[in-house]
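Presented below is the structure to which this report refers.
Chains as they are written, first to last, in the working numbering: chain R, 35 to 462; chain L, 2 to 213; chain E, 4 to 328.
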């Protein structure tokens, strides 16, 4: 059966409508559409969004298949309502050559759960010394347009300047992990009241903000586009706001966890809260929400960072940094942005689908829900309330900071080019 | 020593069986007996078992001094960490052990306590004493012996033998601690063995083997 | 209910006073011919030391042995830990051997808290120093030393340190001793002032219950006790201060500075001292300096803590915060 009728869905949170899918495309959007010859999905007032796009996912393959593979990661993505993810380059080996990005690209194609767009490393081995073959990665079958040393900061100002300039030749974008390395030597958590008390090495906000300030000025100077990964401080927001007001071509992302969690949680010394950049203060959280609402921050990106149990079941200092996020991102955004009135569902579609696809220049994703568009769609039961249970995750890893926390919303259906990858909340 | 233990355990209002003058008389008598039997009490050291045993020891020492005209060394011996039921309740607050300057080596140590019941406190006191020195002999003086011994221990000097049932609780009050001198007899909340009752209920856990 | 001592901040005023009072009784055991008490007979305590610290380990060991506990010493160096075994596996292995309590020293802040709260083991955990976080028995022995010297061994019974002015000088940023002392001294009613170069004061100190000063000379005349913290020479290389000489000149305690302290005031140091750096020999060897007393008091305090946590079937301390978290 190639036709699917989604009946009574609130498209982008609007009035209930029917959406008819034929093959890989949306055939019609309207009311009272005929179900003839179509499989019917009763939406019953659920919210229909364009398939979500994550500009910042760690799929771990190749190299750390014990924590995630392209297959398990894309299954997790589909479960969370995503139809495309950008796979970060910090794998083993590093995705700094055409060979590695093509491998990841091919694994994504084979998985069939969502599209995988590899991100290429900016520098060889993420070492920050020598530019990787950015052009070759762009021209490879993977068609890389986003480059990032994520996990490491491109801290050398000259290398960063050259990278920003070089990718202009083919319209690429550098996504910076803003972390001044000297200021964060031995850093374990946000530097402030809590770190002082807990005796954990402080990670000052200025370590992030100084790099962002430098990079927006570099981007302005060389006339390039720059993307800032996982903004985490109120100060970073101010800098990006200032840069945009000057017309600098900068985009920025925020993670779901930085929209909700604060460094107070670190008092438990539970490494499930250990993440890079670190959880900040309530003031930062509120500034980030506001910035996402007013567009200073362009998108939500998960920074989905799977780690095996043993890397978190230990003392804080020994633990790995990162949290899984694909399967909880939409719920956290509903909780922090929609239910606070900061963003409507159309805004969610913009921040989690349309704009990330545009920044990553990913065709066929983040499109309007209208006739003729590719049928990449996510159906959300926004009335649902439930506790997060990691045992039900499709990801290979369970390092979620939300275990046992009640969050709203649940993805019941995900469609990738007309094919259901998630049906009734279960992977198809 | 264990302030938590006393009054909560006696349900019915306790009635005094001995009053201040009785107690004073008994202590005087015991003092005379000591002088007589210890042949002038030349080498006697009094060690009271906290809390009330210490006050009784001091009173006895004063009386002995009256009789003999000599200063009688008096101190205290905390037995908390030597109790056989230490693990049956929360860790107990320690009391002071104060050994007189000349020690107990080769002397006649007279242990003083308020009530003799199971005998377990005195067993603990003998153990504690062993870690401090080697007396010539150890004797025991108590204000009240209420019976129900669980160990082969007896007192050398007894103020009053007070036959009791296990349902009853004996409570000694002394001016230094309680504002008045009296021995009270009341009912305890549940009948139990004198020394082995500690594990029987939470309320009883704070109750030492002997009445204190 | 668990029974742990993880942070000095977990202790209520009454708990702390009870520990000090108990330590006062324990101290008297040192004067006896047989320096031993039977309170922990048949209990096995493991000293789990992931960081070298001979003096703290020996102090705990002496305390444990005086209370008749069986003692197992585990040093990470040369053990399975150096072959990559995790804290969790090490702790579970020891518990399987029948350990009744774990005294842990660890280089990572929060490791004892993690051990006590993660469900890895059931045994009580006593923090013997974790990273730059806490060292609660050190704070207790310091408070004990202050109470004995400033109030009196007998007069101090049942008393706290209300109104005493205590000054801590040195590397506050990297000091678990400073954190523990600020918490405990505040609980005991003392007025605490931290003195350090601004580079060695943590960001976030403003919420601590103490004053902060950069000027030692102005604070000295108003101090009942001055505690000098150890300053590692390596800090110099990380630009925390320019030279050893400059540090000594501004923040070291010498005879001239000591003379500015009130007559009754004492000089304390958690050891090991870096003579010539934070303290001169003249001060360290003066009778106002309590370093040796602190060592002796450490054994009494650790006996008190071990007895109160392990002596009964449940702890005598309320310890509410760690249980809640």
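Built from N, CA and C at the ideal position, the CB exists for glycine as well.
Determine the burial state of residue 333/R: buried for a count of at least 16 other Cβ atoms within 10 Å of its Cβ, exposed for fewer. buried
So, does the CB of residue 217/E fall closer than 7 Å to a CB anywhere in chain R? no
What does residue 237/R pair with, by DSSP beta-bridge criteria? 224/R
Quick check: the region 290-297 of chain R against the region 359-377 of chain R, are there 3 or more CB pairs under 8 Å? yes
Going along the region 79-91 of chain L in order, which residues come within less than 9 Å of chain E, judged by CB to CB distance? 79, 81, 82, 83, 87, 88, 89, 90 and 91
Compare the C-alpha of residue 238/R against each of 133/R, 205/R and 310/R and name the closest. 310/R
Span of the beta strand (DSSP E) around residue 129/E: 128-133
In whole angstroms, what separates the C-alpha of residue 294/E from that of residue 271/E? 6 Å
Please list the partners that residue 225/R has in chain E, where partner means a Cβ-to-Cβ separation under 9 Å. 205, 206 and 207
Run through chain E and tell me which residues come within less than 7 Å of residue 95/L, C-beta to C-beta. 25 and 28
For residue 215/E, which residues from the same chain have a beta carbon less than 7 Å from its beta carbon, with the 5 sequence-adjacent residues on both sides left out? 197, 204 and 208
Taking the alpha helix (DSSP H) that residue 113/R belongs to, which residues open and close that run? 104-113
Chain E beta carbons: is any one of them nearer than 7 Å to that of residue 303/R? yes
Given a cut-off of 7 Å, decide if residue 183/E and residue 142/E are closer than it, judged by their beta-carbon atoms. yes
For residue 88/R, which beta-bridge partners are listed by DSSP? 119/R
How many Å lie between residue 38/R and residue 454/R at the Cα? 9 Å
Indicate the three-state DSSP secondary structure (helix, strand or coil) for residue 384/R in the structure shown. helix
Please classify residue 25/L: is it buried, with 16 or more other beta-carbons within 10 angstroms of its beta-carbon, or exposed? exposed
Quick check: residue 313/E and residue 30/E, are their CB atoms within less than 7 Å of each other? no
In DSSP terms, what residue 88/L is bridged to: Looking at the DSSP assignment, residue 88/L forms no beta bridge with any residue, so it has no partner.
Which chain E residues are close to residue 229/R, counting only those with a beta carbon under 9 Å from its beta carbon? 205, 206 and 207
Contact set between residue 134/L and chain E, taken where Cβ atoms lie within less than 7 Å: 36
Would you identify the three-state DSSP class for residue 323/E, choosing helix, strand or coil? Because the pLDDT at residue 323/E is just 44, under 50, the model does not fix this residue reliably, and the value given afterwards should be weighed accordingly. If DSSP states are grouped into helix, strand and coil, residue 323/E belongs with the helices.
Residues in the same chain with beta-carbon distance under 6 Å from residue 152/E, minus the five sequence neighbours each way, listed in chain order, please. 269
Ignore the nearest five residues each way along the sequence and tell me which others in residue 444/R's own chain have a CB closer than 8 Å to its CB. 365, 414, 415, 418, 420 and 459
Going by Cα to Cα distance, which pick from 168/L, 151/L, 78/L and 107/L is closest to residue 117/L? 151/L
Extent of the continuous alpha helix (DSSP H) to which residue 91/E belongs: 90-99
When we look at the beta-carbon of residue 202/R and count the other beta-carbons within 10 Å, is it buried (16 or more) or exposed? exposed
Expected contact under 8 Å - CB spacing of residue 83/L and residue 129/L to nearest Å: 5 Å
So residue 446/R is in the alpha helix (DSSP H); what residue range does that whole segment cover? Element bounds for residue 446/R: not the alpha helix (DSSP H) but the beta strand (DSSP E), 440-450.
Since residue 290/R is in the alpha helix (DSSP H), which residue starts that stretch and which ends it? 290-294
Would you mind telling me which residues of chain L sit closer than 9 Å to residue 127/E, beta carbon to beta carbon, in chain order? Those do not exist, as residue 127/E stays about 12 Å from chain L at its closest Cβ, beyond 9 Å.
Note down, in chain order, all residues in the region 215-247 of chain E with a beta-carbon under 7 Å from any beta-carbon belonging to chain R. none
For residue 315/E, decide whether its Cβ has a neighbour in chain L, counting only Cβ atoms nearer than 7 Å. yes
Could you pull the start and end residues of the alpha helix (DSSP H) that residue 293/E belongs to? Per DSSP, residue 293/E belongs to no alpha helix (DSSP H) and is neither H nor E.
Going along the region 33-64 of chain E in order, which residues come within less than 8 Å of chain L, judged by CB to CB distance? 35, 36, 37, 39, 40, 41 and 42
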